[in-house]
Amino acid sequence: MNIGGKRHIWKDYQKEIAGDRFFYVRSCVRQNFFPGSEKTFLRIMKEELGKDVFENAAHTTCSGIGYHSDVVPFETTMTMVARQFALMTEAGYENFTTSCITSFGLYNEILETWHHFPDVEARIREHLHRATGRTFNKPANVSHASDVIFKFRKEIGAPGNFRLVSKKTGKPLQVVEHIGCHYAKMFPSKGVGGAEYPYVLTGMIEEWGGEVIDYPERRHCCGFGFRQYLVQANRGYSISCTKKKFDSMAPYKPDFILTNCPGCPMFLDRWQYALSEMKGTTYGENGLGIPVLTYEELAGMILGYDPWDLGLQVHQVPVEPLLDKIGIPYDPGRKFLTMDGKPMGQPLAPSHLKFYKHV
Amino acid sequence: MIHFGYGVMADATTDYDRNDRRIAEYLLEHEPSVNLCIGCGSCTAACSTGRMVEFNIRRLHTLIRRGETLKLKKEIMKCMFCGKCQLVCPRGVNLRNVILTINRALEQTG
Amino acid sequence: MINFNLFVLPFFLGLIYVVFAIGRSWYRWIRSLPASDKVRLTTMFRQPRQVLLALGEVCTEALLHRRMWKRNPLLGYMHMSFALGWFLLIVCGNLESRYYSGSHLNAPYYPIFLKFFIHDRLVIFFEVFSVPGFFRFLMDLLLLFVLSGLVLAMVKRKRSKWFGLKRTAEFQLTDVVSLTCLWLIFPMRLLAESFTAGYYGSGGGFLTQSLGNLVMTVMPFTSEYIPYSMWWGYSLVLGLFFITLPYTRYMHIPTEVLLIFFRHAGIRPKKWYSGFSDAEVLACSRCGVCIDVCPLNEAGIVDAQAVYFIRGLRDQYVPESVSRMCLLCGRCQEACPVGLHTDSLRLIKRRELVSGQETDFSWLASAAPGPVALETRHIPRQAEVAYFAGCMSHLTPAVIRSMRRIMDQAGINWVQLDEDGSVCCGRPLMVAGKDTQASQLMEFNKNQVLATGARLLVTSCPICYRVFREDYNLPVRIQHHSQFILDLVKTGKIPLQAHFRKVAYHDPCDLGRGSGVYEAPRELLTKIADLVEVGQDAHNAQCCGGSLGIFTATQEQRNDMAAAALDVLLENQPEVLATACPLCKKTFAKQSPVPVKDIAELVCDAMPNPVYCSASGQSRRAGSYAT
Amino acid sequence: MYKNIIIVGGGIAGMAAAAALSEIGMEVTVLEREKLPGGHVRSWDRLFPTLRAAKEVLDFLNKSLGLLTEIICDIEVGSIVPTPGGYTIHCTNGDIFTTGCLVLATGYDLFDARKKEEYGFGIYENVITSADLEKIFREGNQVTTCGGQVPRRVGIIHCVGSRDEKVGNIYCSKVCCVTGVKQAIEIRQMLPDCEIFSFYMDLRMYDRHFEELYFEAQQKWNVNFIRGRLSECAENPDHSIILKTEDTLTGHPLKLTVDLVVLLVGFVPGSSARKITGSLGLLQGTDGFLLPADEHTAGNRTLLPGVFLAGAVKGPACVVDTIADGRATAVEVYRYMKHSEVAK
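Protein chains in written order, with this note's numbering: chain A, 1 to 359; chain B, 1 to 110; chain C, 1 to 627; chain D, 1 to 344.
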């Protein structure tokens with residue numbers, strides 16, 4: 001691996017990311033999957049970086065999940081997205097930042113469509129106006145929240161914060177970065193670093209002291225693939241994809257997987273359980289699985305936020321070994337407590353994937 | 001083990017590194033003309049058997065060379081040996097002996 | 001006196017051994033014959049006529065080497081001088097010994113070493129008309145006869161071309177030992193007898209006594225051990241020859257005799273290896289006649305000819321590729337002086353090679369247009385002629401088109417069985433050794449033929465023709481289209497107008513040597529063309545090299561064989577090369593500088609107003625011609 | 001008899017044109033950017049389809065240049081400006097040439113394989129280009145992996161940068177197919193135990209003896225040809241490369257590990273030609289290569305009087321065709337000089 005070659009390619013895929021005044025749109029599913037992530041993003045942006053991030057409660061789904069599952073027509077989707085833009089315009093913002101990768105891809109797809117087919121844009125403006133009476137400006141800048149974290153990676157990794165280095169050996173942690181398919185595969189120029197060797201997560205990992213693993217199936221989908229999972233008959237495809245990725249990365253002994261998409265961490269995390277139940281195989285050290293993190297969770301960890309505030313207790317694969325490796329302190333007793341300090345109950349132990357026992 | 005109602009599927013990819021290529025190696029050693037194939041499909045187009053039933057001699061020996069031999073034994077039995085394939089092959093692949101050699105290789109690899 | 005000396009032991013023991021070994025082999029082979037063949041053998045021995053005929057053949061072939069003579073007189077003489085000369089030496093020596101011993105029963109070594117024991121009677125040259133003198137003259141004459149063969153054998157090793165052989169068989173080590181012994185036997189006998197006659201000054205004939213006297217004059221010796229040691233040498237080489245004989249090609253001498261009896265008993269090669277195969281394998285003298293006639297030479301293949309294949313069978317090691325490296329053109333079989341069934345032996349081996357392999361033609365039932373489907377295709381149930389073009393003919397559509405035109409012209413109610421492509425006749429599988437598997441295809445085709453109700457089956461492909469005739473057991477007449485068309489011409493059903501100049505005819509192997517059809521195509525061709533002579537034709541025709549019989553030849557090797565065959569065919573500058581096999585046609589066509597046409601095409605071209613047939617069998621005008 | 005003809009570019013097309021012109025008595029000046037004439041052919045080891053040394057061809061061309069040819073090396077043309085009655089050539093070192101007759105033989109550039117990102121050239125050390133391989137051959141070095149080991153399997157990838165809308169080149173570079181076959185044979189000659197896998201879309205063996213070479217590669221050298229365009233490379237922990245493709249002849253996706261990957265890089269329009277096109281206003285085809293006045297009937301002329309094109313400046317061409325084209329240009333130049341006023 002010649003990192004110089006990658007830097008050469010990264011040079012070609014520089015993208016402009018707004019620095020402030022973000023109109024932030026949440027993901028439909030992330031708050032269920034990894035509830036602490038979006039909250040952490042807002043906390044970092046506002047508390048650590050002092051940025052203006054605006055949220056509008058009237059914001060709805062972009063309908064991407066329906067669009068990619070072939071149940072929502074493109075026209076409908078475009079009109080719904082036009083409404084989001086109208087909300088942004090009404091709020092006086094022009095930097096559009098999405099929490100979701102699929103939304104990010106979809107916004108880009110729609111803006112590109114409108115760019116090449118102005119008549120389509122005109123029609124959608126007509127639809128939106130007829131339906132809601134709204135008009136909109138197209139955003140000046142569209143970024144994914146991971147782009148924004150990437151932009152401020154230096155500030156987050158400021159001296160004194162935690163680093164992705166093994167406390168015991170002093171060696172950098174080995175990290176698998178997994179980019180959501182809709183981030184740059186459709187429009188390589190819209191992603192930091194392009195589609196082949198995306199830099200957005202790699203940049204964070206490098207900045208925070210870790211090392212990125214380049215394994216053969218790094219381009220492969222996490223396995224979600226919308227219809228692959230959503231239609232039950234297709235779930236075999238979904239889990240087969242995930243297994244392919246794990247089989248490919250396992251020889252590199254990654255310390256954890258970093259993701260920037262709503263679905264990827266969900267499937268890379270939960271399918272480790274399903275695979276262990278189906279096949280009896282586990283990945284990672286000591287049968288504990290390979291921890292999977294969202295970039296917000298990782299940024300929060302670097303900043304020293306309490307892991308249980310980040311929502312790491314809802315991960316299937318225990319993150320404690322990773323916290324121990326880095327040396328992030330946590331109170332194991334608080335892991336399964338409600339905000340009132342009452343026990344919230346604990347999941348049953350799986351047959352193969354081990355629970356972490358604190359010593 | 002939990003029954004989820006679905007499971008991990010077999011990979012459709014030809015994994016050249018892991019496939020058992022003993023039949024291919026035997027074939028290439030004993031009938032090297034098979035290496036001359038350019039995939040034109042004349043053999044399959046002329047094939048007396050392939051006209052009547054699913055039997056693609058061109059694909060069959062290409063698959064063998066890649067180590068894909070799962071359906072081989074069943075397929076190879078359909079050949080009538082008439083030799084038309086060989087007569088039309090623009091590269092002089094000795095197709096009848098290819099079949100005989102594959103049969104022998106199958107016997108030897110069990 | 002006791003006629004014994006220690007030196008006779010090597011010979012004597014060798015003789016006992018060889019008789020025992022031959023007897024054991026014969027016993028084994030006869031025992032391993034199929035029961036029906038054993039019956040044939042015993043039946044023959046109850047018919048003196050058959051036995052006499054067999055004995056006659058033993059004389060003409062094993063002693064006189066008639067077929068060798070026909071091939072090349074020098075070669076014939078060489079073989080005859082050894083076989084007949086030695087045989088007569090034994091017979092006459094025996095008679096001579098009886099004269100001396102006065103008894104009919106002598107020790108077997110006594111006649112052989114007679115001159116060692118008898119040398120005290122003075123017989124001078126001009127006493128040839130006395131009994132001993134006559135024998136001495138005769139025995140020396142026979143010795144000279146054999147020695148002349150020996151000289152020729154030595155010459156043959158260097159100048160095989162004089163004997164009509166371009167190539168001779170390669171030797172194995174045992175052959176060299178045995179050959180050396182054989183070659184030494186008669187010179188040793190000459191020396192022993194001459195030295196003895198010289199030493200005693202008497203006892204020899206015109207050759208041995210003269211030579212003995214000469215030796216005594218040139219370098220006189222006084223020790224009787226000198227001739228004595230030569231008797232030892234003579235006995236030793238004889239003994240060694242006998243002991244090695246069962247393990248060398250010289251085993252063919254006794255085996256051929258048995259084989260001749262087998263053949264006269266009506267025993268024929270079977271599908272599997274039997275005592276008869278053993279007799280054939282051991283009867284091969286490795287004379288090498290089959291090497292020269294083999295078309296594989298033209299392709300530079302020099303290790304697969306019948307002689308080597310049979311040697312491999314004997315040594316129980318034949319590489320798979322050698323078993324499959326044979327065109328099965330039958331040329332070697334035609335030329336073999338011993339009459340071995342070389343093709344059958346090859347097929348037996350091939351059957352063994354594939355015995356464990358299976359085929360699956362169950363798809364025929366559902367996929368192929370069977371007899372039922374025939375009905376639905378509105379093909380008349382009562383056709384006169386069922387026409388089976390054959391797989392290969394589908395690659396030479398001109399043949400099929402010509403046949404349709406000819407049959408339409410003749411007003412025949414015909415039906416083509418394989419209009420949409422053939423289910424193979426089965427012979428290609430059989431030549432791979434897969435006879436049992438072929439039977440499934442044959443069963444299918446048989447039903448097809450029967451379903452048409454035709455009483456005549458015509459095929460354009462000699463390969464199909466041969467298998468239909470030999471293996472199908474069809475209750476209908478079977479003709480190759482050359483025979484069929486000839487009949488049509490003879491009965492005036494197709495008028496012929498045009499006449500072609502200078503046509504050379506190539507005999508397809510399966511039609512000519514394979515099925516014995518030589519005349520019909522020639523007769524047909526002479527009606528429409530001037531046939532030019534072809535150097536090697538009919539029984540001796542060269543294979544085109546495209547044969548389905550061969551599996552391991554490369555395309556280049558096939559091309560070389562075709563080129564060589566073409567050289568012969570085009571020697572007299574024909575304008576058209578005619579053949580009667582789609583495979584030959586296709587094979588020659590790519591290299592021939594002159595057009596290659598099937599007989600059917602030529603006939604079609606020669607017809608005055610060809611009836612143009614429609615493309616499909618259903619819509620042709622067959623019905624209107626129904627008689 | 002005629003003087004002052006300038007040939008821009010001292011590759012084989014320029015040399016062949018110069019040799020032909022000087023032989024019929026014309027004075028020619030060749031401007032060459034590099035330190036020695038010969039162009040890309042200087043970097044090649046042996047030429048297809050006969051595997052003769054490239055150096056022999058260059059030596060022949062060098063010898064045939066004649067006394068009337070002046071070659072100025074190490075000089076780069078900056079711009080060419082039309083002037084009344086001719087053209088002024090401004091070189092980057094300040095030199096200025098004027099001429100009435102100008103031959104552009106600026107050739108081509110090799111496709112930058114880094115643009116085909118998914119193949120990992122420049123990232124994975126065991127991915128090299130066909131030009132790199134030629135260099136190894138030319139310098140008499142052993143073909144090894146980045147770790148210095150003898151490769152057991154080599155993958156040869158056809159059509160890198162050619163026939164690929166995704167890199168903007170939909171044209172065929174013509175010579176890569178046969179180059180791939182040639183290099184496969186050369187690797188086998190050097191490393192008899194090394195397996196070769198060639199991944200191709202079509203094998204365009206268009207010229208004499210090419211198909212025979214392909215046949216030889218299959219028959220004698222047992223090169224494996226797999227029909228399918230490489231989709232992506234990935235690196236194993238031991239730095240070997242996983243190739244992913246569809247084996248289109250079996251209809252299966254195929255995964256194969258090789259120790260070394262050779263990318264057969266195609267032709268792209270030369271950077272120097274692009275500069276000159278701008279200043280002269282010459283026409284480019286959709287492929288970016290320069291267009292002659294008429295592709296069939298005036299293949300070496302341009303629409304500008306006294307400006308001629310020779311060799312691969314007009315698109316991918318093999319050595320044989322390029323030399324022939326250089327000579328054809330000489331004939332056109334001669335006819336032009338004879339009939340125009342420039343002849344004095």
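For every residue, glycine included, the Cβ atom is placed at its ideal position computed from N, Cα and C.
Only a predicted model underlies this, so the values are computations on that prediction, with no experimental measurement involved.
(request) Name, please, each residue of chain B whose Cβ falls closer than 9 angstroms to the Cβ of Asn222(D). (result) Per Cβ cutoff of 9 angstroms: Leu28, Pro32 and Asn35.
(request) Scan the region 169-201 of chain A for residues whose Cβ lies nearer than 9 angstroms to a Cβ of chain D and list them as they occur along the chain. (result) So the close ones are Pro188, Gly194, Ala195, Glu196 and Tyr197.
(message) Checking 8 angstroms against the spacing of the C-beta atoms, do Phe137(C) and Glu96(C) come in under that value?
(response) Against a cut-off of 8 angstroms, the Cβ pair of Glu96(C) and Phe137(C) comes out as no contact.
(request) Check Phe4(B) in the structure and name its three-state DSSP category. (result) Phe4(B) falls in the coil class under three-state DSSP.
(request) Starting from the C-beta of Arg18(B), find all residues in its chain whose C-beta is less than 7 angstroms away, skip the five residues before and the five after it, and write them out in chain order. (result) Hits under 7 angstroms: none found.
(message) Given a cut-off of 8 angstroms on the beta-carbon distance, is the pair Phe7(C) and Trp231(C) in contact?
(response) In this structure, Trp231(C) lies closer than 8 angstroms to Phe7(C) by Cβ.
(message) Residues of the region 293-322 of chain A in Cβ contact with chain B at a cutoff of 8 angstroms, in chain order, please.
(response) Residues are counted here when their Cβ sits less than 8 angstroms from a Cβ of chain B; for the region 293-322 of chain A the count is zero.
(request) Rank Gln86(B), Arg21(B) and Cys43(B) by C-alpha distance to the C-alpha of Arg66(B) and give the top, closest one. (result) Ranking the options by Cα distance to Arg66(B), first place goes to Arg21(B).
(request) Anything in chain D within Cβ reach of Tyr252(A), meaning under 7 angstroms, just list it in chain order. (result) By Cβ distance, chain D contributes Pro237.
(message) Per DSSP, what are the beta-bridge partners of Ala578(C) in this structure?
(response) Secondary-structure assignment with DSSP links Ala578(C) through a beta bridge to Tyr505(C) and Lys597(C).
(request) With 9 angstroms as the C-beta to C-beta threshold (strictly closer), list the residues of the region 52-84 of chain A near chain B in chain order. (result) Here the close residues number zero.
(request) Quick one: grab the DSSP three-state call for His352(A). (result) Coil at His352(A), not helix or strand.
(request) Verify whether the separation of the beta carbon atoms of Arg125(A) and Thr132(A) is less than 8 angstroms. (result) No; because the gap between Cβ atoms is not below 8 angstroms, this pair is not in contact.
(request) Note down, in chain order, every chain B residue with its Cβ under 8 angstroms from the Cβ of Lys255(D). (result) In chain order: Thr13, Thr14, Asp15, Tyr16 and Asp17.
(request) Please report how far the alpha carbon of Leu64(C) lies from the alpha carbon of Leu142(C), in whole angstroms. (result) Leu64(C) and Leu142(C): Cα-Cα distance of roughly 15 angstroms.
(request) Can you say whether Pro343(A) is buried or exposed, counting buried as having 16 or more other CB atoms within 10 angstroms of its CB? (result) Burial call: exposed.
(message) Does the CB of Met1(B) have a neighbour CB from chain C at under 8 angstroms?
(response) The Cβ of Met1(B) sits no closer than 8 angstroms to any Cβ of chain C.
(message) I'd like to know whether the C-beta of Phe245(A) is nearer than 8 angstroms to at least one C-beta of chain D.
(response) A small fix is needed here, since residue 245(A) is Lys in this sequence, not Phe. For Lys245(A), the answer is no, since every Cβ of chain D falls outside 8 angstroms of its Cβ.
(message) Against Lys78(B), what residues of chain C qualify as contacts under a CB-to-CB distance less than 8 angstroms, listed in chain order?
(response) The answer, in chain order, is Thr359, Asp360, Phe361 and Trp363.
(request) Could I get the ranges of all uninterrupted alpha helix (DSSP H) runs contained in the region 38-108 of chain D, with 4 residues as the minimum, in chain order? (result) Here the runs fully enclosed are 54-63.
(message) Would Pro305(D) and Gly266(D) be called neighbours here (beta carbons separated by less than 8 angstroms)?
(response) Cβ atoms of Pro305(D) and Gly266(D): not closer than 8 angstroms.
(request) Assuming Asp20(A) and Asp52(A) form a contact by the criterion Cβ under 8 angstroms, report the distance between their Cβ atoms to the nearest whole angstrom. (result) About 6 angstroms; that satisfies the 8 angstroms criterion.
(request) Could you tell me how far apart the beta carbons of Leu104(D) and Ala312(D) are, in whole angstroms, since I believe they sit closer than 8 angstroms? (result) Contact flag wrong, Cβ pair sits at about 11 angstroms.
(message) With distance defined between alpha-carbon atoms, name the residue in Asn97(B), Thr109(B) and Leu95(B) nearest to Lys73(B).
(response) The shortest C-alpha separation from Lys73(B) is found at Thr109(B).
(message) Please classify Trp272(C) as buried or exposed, where buried requires at least 16 other C-beta atoms within 10 Å of its C-beta.
(response) Under a 10 Å Cβ-count criterion, Trp272(C) is classified as exposed, with fewer than 16 other Cβ atoms of the shown protein chains found around its own Cβ.
(request) State the Cα-Cα distance for the pair Leu87(A) and Phe74(A), rounded to the nearest angstrom. (result) The alpha-carbon atoms of Leu87(A) and Phe74(A) are separated by roughly 20 angstroms.
(message) According to DSSP, simplified to helix, strand and coil, what is His158(D)?
(response) Reduced to three states, the DSSP call for His158(D) is strand.
(message) Quick check: the region 271-284 of chain A against the region 345-357 of chain A, are at least 3 beta-carbon pairs closer than 8 angstroms?
(response) The region 345-357 of chain A makes contact with the region 271-284 of chain A; the number of CB pairs closer than 8 angstroms reaches 3 or more.
(request) Have a look at the DSSP bridge pairing and note the partners of Tyr200(D). (result) Among the bridge pairs identified by DSSP, Tyr200(D) is matched with Arg227(D).
(message) Counting only Cβ pairs nearer than 8 angstroms, list the residues of chain B close to Thr250(D).
(response) Against chain B, a Cβ distance below 8 angstroms from Thr250(D) picks out Thr14, Arg59, Thr62, Leu63, Arg66 and Glu68.
(message) I need the straight-line Cα distance from Asp109(D) to Gly288(D), nearest angstrom please.
(response) Roughly 12 angstroms between the two C-alpha positions.
(request) Just tell me which of Tyr107(A), Val200(A) and Gly157(A) has its CA closest to the CA of Val25(A). (result) Nearest C-alpha to Val25(A): Tyr107(A).
(request) Please name the residue, chosen from Gly76(C), Tyr110(C) and Gln536(C), that lies closest to Ala153(C) on a Cα-to-Cα basis. (result) Checked all of Gly76(C), Tyr110(C) and Gln536(C); the closest Cα to Ala153(C) is Gly76(C).
(request) Reducing DSSP to helix, strand and coil, say where Gly14(C) ends up. (result) Gly14(C) falls in the helix class under three-state DSSP.
(message) Check for me: the alpha helix (DSSP H) holding Val178(D) runs from which residue to which?
(response) Here the alpha helix (DSSP H) through Val178(D) covers Cys176 to Met190.
(request) Inspect the beta-carbon positions of Gly39(D) and Gly107(D) and report whether they are closer than 8 angstroms. (result) Yes, Cβ-Cβ distance for Gly39(D) and Gly107(D) is below 8 angstroms.
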